[in-house]
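Here's the structure we're looking at; comments come further down.
Protein chains: 2
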Amino acid sequence: MHTILVVEDEKDILELICLNLKRNDYQVWEAADGNTGLEQAKLHIPDLIILDLMLPGKDGYTVFKELKQDARTRGIPVLILTAKADVAHRIAGLEMGVDEYMGKPFSPKELMLRVKALLRRTKRVSVDASLKVGDFHVERNSLKAFISGRQVDLTATEFKLLRVFIESGGVVLERDALLREVWGFSDNTMTRTLDTHVKRLREKLGAHAACLRTLRGVGYQFHPTL
Amino acid sequence: MHTILVVEDEKDILELICLNLKRNDYQVWEAADGNTGLEQAKLHIPDLIILDLMLPGKDGYTVFKELKQDARTRGIPVLILTAKADVAHRIAGLEMGVDEYMGKPFSPKELMLRVKALLRRTKRVSVDASLKVGDFHVERNSLKAFISGRQVDLTATEFKLLRVFIESGGVVLERDALLREVWGFSDNTMTRTLDTHVKRLREKLGAHAACLRTLRGVGYQFHPTL
DNA sequence: CCGCCATTGACACGAACTTGTCACACGAAA
DNA sequence: TTTCGTGTGACAAGTTCGTGTCAATGGCGG
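Residue numbers (this note's numbering), protein chains in the order written: chain D, -14 to 211; chain V, -14 to 211.
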């Protein structure tokens, strides 16, 4: 679940936003002024910050700048919410490094979508049903996998494992991460279950087994183009 | 330098965009229709795609969907350019996973800023995982290091050691400091562990071993540019 | 209800690799 | 030349991984 910090002084709007966010299963932190916002940001390190420009005390621009000055909060995407949404202001904001700009009044639905889009961008999450990489082709709904067009029979666990690999985009997957993704927990003291399943998957991948590379002491890496 | 693919059928607009992009030091690929765009995307794997919705042949939505189905291209942020920029269309686009929306007519300056903002956002994902200094390139999460593009296999300890050196920024690292950073303690009465690992690292660095200078009685210093 | 079979997680063991240690060689500074 | 810190090759202990195997589980048809 993602956490989002909302910094907005107008109670009505704050509530409107938070309500919508919670309804979409985000964990929400609230702040009604700039200083509180900054504190919360540094305390909770949220995944996203929705920031109003017109704030009592420290204004939005200042908050934004200070966020970018702290290494812990620098990476957090910021969505600016403001009445001053004309081109000049938008350009000024983008130049400062704002990630997203929304003018008031805004449609809650569009805001939710922009939030979703921003979070997706920062943390590549996928939702498509069918997925192709190199010679691999996976149908998420039907539990079917194809290699170079030929269908490969996989069991549920093997499929989940392959799916995680394919969706990884070549990033190294640590044992912990794989256990969490596929088995739902990460008790690394576990036995050789992961290894066994990797082995089984490799057997079924046949000639493409080489795509599953072992990184000793780290985990596994999927190389679709081998 | 970032590479950008522009898919737009109207010659004037295509030229306008490309000109602006080139002026901002991007490498630009062009495509005048959907199929060409897809090909180029899979061929060049650009850092960003600017996509018009109204295209001859395969329309923008279709192109977008197919981009998201191939893992090599799915991660590429897409900026949609369109005349249909009303709220309904924007929402539809955001639901599909569009990263950015711009209506025509657009201000070239704002387009450039949005391009910059998008690239900055996506860069964040990869930048903290990889680190480049001189000929050295380190993937923090894969235990892989590249020297002048060639891959070097390192063990966990060797990797940690090299990482400390690369992140040192050329500062002299005393033996105590290295032991603390890599091994977590600084018992200098230890045996020749540090020396051994430096030696092993040097072996794997090959010709670049000279970058690891010994400072007798003090420690080691990393010179990436040697 | 029963037995069959595929699936799954577990374990033992060996192979492959990593890592810390040592003895000793080497070489720079005094 | 002596001294002291460093480089080096070898080795043993420790880790991690691959593999064969087995028992438990649960679905399914008979």
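Glycine included, each C-beta is placed from N, C-alpha and C at the ideal position.
Please read these numbers as outputs of a predicted model, since none were measured by experiment.
Distance, residue j Cα to residue i Cα
| i | j | result |
| --- | --- | --- |
| Val13/D | Glu159/D | 29 Å |
| Val156/V | Leu139/V | 23 Å |
| Gly45/D | Lys7/V | 33 Å |
| Gln25/D | Thr(-12)/D | 12 Å |
| Ile2/D | His122/D | 39 Å |
| Val110/V | Phe131/V | Its pLDDT being 49, under 50, Val110/V is placed unreliably by the model, and the measurement read from it follows with that caveat. Roughly 19 Å separates the two Cα atoms. |
| Val48/D | Glu15/D | 15 Å |
| Ala68/D | Gly88/D | 5 Å |
| Leu200/V | Leu(-10)/V | 49 Å |
| Gly119/D | Val(-8)/V | 23 Å |
| Asp(-3)/V | Leu4/V | 11 Å |
| Trp168/D | Lys94/V | 49 Å |
| Leu52/V | Lys101/D | 19 Å |
| Pro105/D | Leu23/V | Per the sequence presented here, residue 105/D reads as Arg, with Pro not at that position. Each residue's Cα considered, the two are about 22 Å apart. |
| Glu166/V | Lys117/V | 20 Å |
| Ala192/D | Ile151/V | 38 Å |
| Leu128/V | Ile35/V | 34 Å |
| Val112/V | Glu124/D | Unreliable positioning characterises Val112/V in this predicted model, as indicated by a pLDDT of 43, which lies under 50. The coordinate reading is nonetheless provided below. Each residue's alpha carbon lies about 31 Å from the other. |
Beta-carbon contacts of residue i that lie in its chain and below 8 Å, excluding the five residues immediately before and after
| i | result |
| --- | --- |
| Leu(-6)/V | One detail in the question is off: residue -6/V reads as Asp in this sequence, not Leu. Taken in chain order, the residues that qualify are Ala17, Asp18, Asp37, Met39, Leu40, Pro41. |
| Asp55/V | Lys27 |
| His29/D | Thr(-12), Leu(-10), Trp14 |
| Phe91/V | Leu66 |
Beta-bridge pairing of residue i - partner residues as DSSP gives them
| i | result |
| --- | --- |
| Leu66/V | Asp37/V, Met87/V |
| Phe131/D | His122/D, Gln136/D |
| Ala16/D | Val(-8)/D |
| Arg198/D | Gln206/D |
| Glu159/D | Gly204/D |
| Leu147/D | Answer is none; Leu147/D lacks a bridge partner. |
| Leu116/V | Val123/V |
| Asp55/V | Lys117/D |
Residue i, buried or exposed, once every other Cβ within 10 Å from all chains shown has been counted against 16
| i | result |
| --- | --- |
| Val83/V | buried |
| Phe170/V | exposed |
| Arg177/V | exposed |
| Arg148/D | buried |
| Glu0/D | exposed |
| Pro31/V | buried |
| Ser153/D | buried |
| Thr58/D | buried |
| Lys184/V | exposed |
| Gly134/V | exposed |
Beta-carbon contacts of residue i that lie in its chain and below 7 Å, excluding the five residues immediately before and after
| i | result |
| --- | --- |
| Arg198/V | Tyr205, Gln206, His208 |
| His182/D | Thr142, Glu143, Leu146 |
| Asp10/D | Met(-14) |
| Leu103/D | Leu33, Pro62, Leu64, Asp84, Glu85 |
| Val203/V | Val157, Glu159 |
| Leu179/D | Arg160, Leu163, Leu164 |
| Arg99/D | Leu64, Glu85, Met87 |
| Met97/V | Asn5, Asn9 |
| Thr210/V | Gly119 |
Contact set for residue i: own chain, Cβ-Cβ below 6 Å, skip 5 residues either direction
| i | result |
| --- | --- |
| Lys189/D | Val137 |
| Lys43/V | Gly19, Asn20 |
| Arg187/D | Ala194, Leu197 |
| Lys50/V | none |
| Gly60/V | none |
Boundaries of the alpha helix (DSSP H) in which residue i is found, first to last residue
| i | result |
| --- | --- |
| Leu6/V | -4 to 8 |
| Leu190/D | 178 to 190 |
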